[in-house]
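Colleague: Under full-length UniProt numbering, the first residue of the sequence shown is numbered 1, with each subsequent residue one higher.
A virtual CB, placed ideally from N, CA and C, is assigned to each residue, including glycine.
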Amino acid sequence: MLLILIQSQTIGLVISAYHASLALHPSVLFPPSAQLAVHMLANIAKTLGRARHSDLLFSHAVLRRTYSKPVPREIKTRPVPRLADTHDIDLASLSTPAILGGVMKSRPAGAAAADLMKALREGEERLVDVELGRYDSPESFDRVTMRLGQYLDWLDMLGSPDSIGKNKVDGRQLYLAQWRGADEIQSLSAVIAPHPVLHKLLDKNRIDVYQTSFFIGPNEAVTTLHHDPYMNCFQLAATSNSAGHGKHFLLLPPTISDILKPKPSSLTRQIQRNTSHLNFSLHHTPGGAPQVHVDQMEDADADLISSAALTCVLKEGETLFIPRRWWHRVENVALLPDEQGKTSDGWTAGVAWWFLYS
Numbered sequence: 001m002l003l004i005l006i007q008s009q010t011i012g013l014v015i016s017a018y019h020a021s022l023a024l025h026p027s028v029l030f031p032p033s034a035q036l037a038v039h040m041l042a043n044i045a046k047t048l049g050r051a052r053h054s055d056l057l058f059s060h061a062v063l064r065r066t067y068s069k070p071v072p073r074e075i076k077t078r079p080v081p082r083l084a085d086t087h088d089i090d091l092a093s094l095s096t097p098a099i100l101g102g103v104m105k106s107r108p109a110g111a112a113a114a115d116l117m118k119a120l121r122e123g124e125e126r127l128v129d130v131e132l133g134r135y136d137s138p139e140s141f142d143r144v145t146m147r148l149g150q151y152l153d154w155l156d157m158l159g160s161p162d163s164i165g166k167n168k169v170d171g172r173q174l175y176l177a178q179w180r181g182a183d184e185i186q187s188l189s190a191v192i193a194p195h196p197v198l199h200k201l202l203d204k205n206r207i208d209v210y211q212t213s214f215f216i217g218p219n220e221a222v223t224t225l226h227h228d229p230y231m232n233c234f235q236l237a238a239t240s241n242s243a244g245h246g247k248h249f250l251l252l253p254p255t256i257s258d259i260l261k262p263k264p265s266s267l268t269r270q271i272q273r274n275t276s277h278l279n280f281s282l283h284h285t286p287g288g289a290p291q292v293h294v295d296q297m298e299d300a301d302a303d304l305i306s307s308a309a310l311t312c313v314l315k316e317g318e319t320l321f322i323p324r325r326w327w328h329r330v331e332n333v334a335l336l337p338d339e340q341g342k343t344s345d346g347w348t349a350g351v352a353w354w355f356l357y358s
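Written as structure tokens, this is what we have:
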């Protein structure tokens, strides 16, 4: 038994080293004889795996490859309510998110995108910090400093027919997020305006705006599930194609924070305390709204999330109100596939007004 154990561990190490070498140097191929030997060892390892004590025979590296990935679970959701009449609404009285209506103006297709890009180009020599990767994965997250014009050139490229699949760099999203653009480029104030409800509160000095931030990024760019200590009016100011792109929001109330907030083990990976440890994703179905999935979790917790979850897809010109401490996950989505069933890698530009009542 000891001899078999040593042999199986050796097999596991050889196989692991082989896969690691291919991962680090995919362009370098092992000689045919070496490849044959590794495949032979793999077959022996499979045979040993059928033994009665296979859990003892396999090295940890080999065992890890035999596990199947947990199947994500679908979360049931309800639509975010829409408020058609917001003339006399007091945002402080809203305890749940709502889409604020009453201000949609008919504009020629592409007008909002053209006006925004023109204003942004006036500051294209400014340096901006662009997120590379997602901040809930600190091991692969970074910030890249570049000229705003370079980032805009990349976004323009995404609108071309041959740009499908080029919305990421080295497999990681590139996202200009939480950028205080209006503080840096004066012309943006002429093309971006808060919802009339928020504008009225500002005129009467009833609120203090903590920050106004831009979120400009490609299709599939994600802001992971988190909460903020401020109220938020988020407006989808422009998209590369108003009929083809939007922002999907998943919203969860603070009453279920105990199952959403990061666990002590997650904090060791430097995940921010207002960011959830849970991994949600969207599953797109032909002609239907995206389905929300979450990685495998306890049935009771998943049922609780399903009972409370709200979703919406914000379209160009619409504004979503998010109350304090509501959890929200945001993802740019393509709304309409082309004739071949593919979706465009365009972009969206949103503006968030974070505020509190005075």
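Which of the three DSSP states, helix, strand or coil, is assigned to residue 223?
Modeller: strand
Colleague: On the criterion of 16 or more Cβ atoms from any shown chain inside 10 Å, does residue 79 qualify as buried, or is it exposed?
Modeller: Of the residues assessed, residue 79 falls on the exposed side of the cut-off, its CB having fewer than 16 other CB atoms within 10 angstroms.
Colleague: Quick one: what does DSSP say residue 345 is sitting in, helix, strand or coil?
Modeller: In this structure, residue 345 counts as coil in the three-state DSSP scheme.
Colleague: Would you tell me roughly how many angstroms separate the C-alpha atoms of residue 370 and residue 147, rounded to the nearest one?
Modeller: Within the shown structure, residues of the chain are numbered from 1 to 358, placing residue 370 beyond reach of any answer.
Colleague: Taking a contact to mean a Cβ-Cβ separation below 7 Å, would you say residue 279 touches residue 295 in this structure?
Modeller: Yes, Cβ-Cβ distance for residue 279 and residue 295 is below 7 Å.
Colleague: Find out if the Cβ-Cβ distance for the pair residue 292, residue 77 is shorter than 7 Å.
Modeller: For the 7 Å CB-CB criterion, residue 292 and residue 77 form a contact.
Colleague: Quick check on residue 247: does DSSP put it in helix, strand or coil?
Modeller: strand
Colleague: What is the C-beta distance between residue 347 and residue 239, in whole angstroms, given that I count them as a contact (C-beta under 8 Å)?
Modeller: 7 Å
Colleague: Taking only runs that begin and end inside the stretch 63-119, name each unbroken beta strand (DSSP E) of 3 or more residues, in chain order.
Modeller: 73-75 and 98-100
Colleague: For residue 139, which of helix, strand or coil comes out of DSSP?
Modeller: In this structure, residue 139 counts as helix in the three-state DSSP scheme.
Colleague: What's the C-alpha gap between residue 123 and residue 142?
Modeller: 23 Å
Colleague: Let me know the secondary structure DSSP gives residue 175 once reduced to three states.
Modeller: Looking at residue 175 - three-state DSSP - the assignment turns out to be strand.
Colleague: Check residue 336 in the structure and name its three-state DSSP category.
Modeller: coil
Colleague: For residue 195, name the three-state secondary structure that DSSP assigns.
Modeller: coil
Colleague: Quick check on residue 205: buried or exposed, where buried means 16 or more other Cβ atoms within 10 Å of its Cβ?
Modeller: exposed
Colleague: Count the other C-beta atoms from every protein chain shown that fall within 10 angstroms of the C-beta of residue 87, then say buried if there are 16 or more, exposed otherwise.
Modeller: Looking at its Cβ environment, which holds fewer than 16 other Cβ atoms inside 10 Å, residue 87 is exposed.
Colleague: Evaluate the contact criterion for the stretch 222-230 versus the stretch 320-334: three or more CB pairs, one atom per stretch, below 8 Å.
Modeller: yes
Colleague: State the DSSP-derived secondary structure class of residue 259, mapped to helix, strand or coil.
Modeller: Residue 259: helix per DSSP, three-state reduction.
Colleague: Would residue 333 be called buried (16 or more neighbouring beta carbons within 10 Å of its own) or exposed?
Modeller: buried
Colleague: If we ignore side chains and look at the alpha-carbon of each, how far apart do residue 185 and residue 214 end up?
Modeller: Between the alpha carbons of residue 185 and residue 214 lies a distance of about 12 Å.
Colleague: Is residue 248 near residue 313, with beta carbons less than 7 Å apart?
Modeller: With respect to residue 313, residue 248 sits close: the two C-beta atoms are nearer than 7 Å.
Colleague: On the criterion of 16 or more Cβ atoms from any shown chain inside 10 Å, does residue 140 qualify as buried, or is it exposed?
Modeller: exposed
Colleague: Quick one, which of 120, 155 and 317 has its alpha-carbon nearest residue 180's?
Modeller: 120
Colleague: Helix, strand or coil for residue 322 per DSSP?
Modeller: The DSSP-derived three-state label of residue 322 is strand.
Colleague: What residue range does the beta strand (DSSP E) around residue 131 cover?
Modeller: 127-132
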